[in-house]
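Here's the structure we're looking at; comments come further down.
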Amino acid sequence: MPDTSTSRVSHEHWVKVLLLGGSGEARELAELLTGEPGIDVVSSLAGRLRNPRLPDGEVRVGGFGGAEGLRNWLHENLIDALVVATHPFAARMTSNAIDAATALGLPYVILRRPPWLPGPDDHWSPVESMAAAAAAIPEFGDRVFLTVGRQGVDVFAEVGAWFLIRAIDRPSRALPPRHELLLERGPFSVEHELALLENHGIDVLVTKNSGGDQTVAKLAAARMCGLPVIVVDRPDLGVSAAVVDTVDGVVNWLRVVRGSASA
Ligand code: NAP
């Protein structure tokens, strides 16, 4: 939290911001905004991880109870602006945030890091959903490196291939009959990823198109091994106007919001 005892004096209108987190960029933003005069930030986490990396400053944890619950929370907590910096696959939270902010007439911005793009030496098969990824696996081989996180692994439970499943926490849903679980959290190096592919005789990598640098090394490793990659496309946000793709873009946006509040 900023030292409000002194800095509030020079900012007649403080802007209170809810920062919907769950991504590295959200943590980066929380750290940057902690030193930003005229802006108070509350970060929000869904509470999925047993041992989350907490952002700087004030943090709340847990769902709001849908778009209506979020709307009430924003109103009761006198929030002036909403920043949606969730993971690109957190579609429900993003849609709830847009609905709640629109209903209250609150300014909002969505931070989405750019997606990964294939290079000429990549062998990517883009698919629209996790179910489509599961259906596509048999055409690529029998040994799969599954890196889609803990949620949604049950979609692969009926696939007969062998899986190396990587997640931060142990999945609680059904898993494929033949698998090994690898619990680890990024960032990962290319050497680390190459060793996994080689030591487990992997035929195909399955990933979401998360973007960012924390988990991108697996794509470089797959490229170096000439392996196919099934890439699940991002869910469509349904909006484009309020989207920025950098942390600095959000900070600049908030400065404009703060400027209008004090104008
Ligand atoms: P989701 O499907 O969009 O959201 C499901 C529900 O979880 C929301 O309706 C909301 O509950 C709650 N929720 C999600 N994000 C929240 C937040 N930041 N603060 C408070 N409540 C939140 O999201 P998800 O895919 O389950 O992801 C959950 C969290 O993990 C997100 O914060 C996301 O950034 C992070 N994450 C997701 C992925 C992924 O691949 N999906 C990967 C890495 C990190 P209510 O309706 O009750 O408000």
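For the sequence shown, the residue numbers in my numbering are 1 to 263.
Yeah, the Cβ is synthetic: ideal placement off N, Cα and C, and Gly gets one too.
Tell me which residue opens and which closes the alpha helix (DSSP H) that residue i is part of.
i	result
residue 200	Careful: residue 200 lies outside any alpha helix (DSSP H) and carries neither H nor E.
residue 109	No alpha helix (DSSP H) holds residue 109; the beta strand (DSSP E) holding it covers 108 to 111.
residue 223	217 to 225
residue 147	Per DSSP, residue 147 belongs to no alpha helix (DSSP H); it is in the beta strand (DSSP E), 143 to 147.
residue 253	247 to 262
residue 101	91 to 104
residue 131	130 to 136
Quick one: grab the DSSP three-state call for residue i.
i	result
residue 189	coil
residue 166	strand
residue 68	helix
residue 210	coil
residue 13	coil
residue 117	coil
residue 20	strand
residue 76	helix
Should residue i go down as buried or exposed, given a rule of 16 or more other Cβ atoms within 10 Å for buried?
i	result
residue 102	exposed
residue 243	exposed
residue 177	exposed
residue 201	exposed
residue 130	buried
residue 262	exposed
residue 138	exposed
residue 172	exposed
residue 75	exposed
On the DSSP letters alone, give me the boundaries of the beta strand (DSSP E) that residue i sits inside.
i	result
residue 230	228 to 232
residue 58	58 to 61
residue 31	Not the beta strand (DSSP E): residue 31 falls in the alpha helix (DSSP H), residues 24 to 34.
**Study point:** Stretch pair the region 189 to 197 + the region 212 to 219: three plus CB contacts closer than 8 Å
**Key:** yes
*How do the region 30 to 48 and the region 105 to 112 stand: do at least 3 beta-carbon pairs fall below 8 Å, yes or no?*
no
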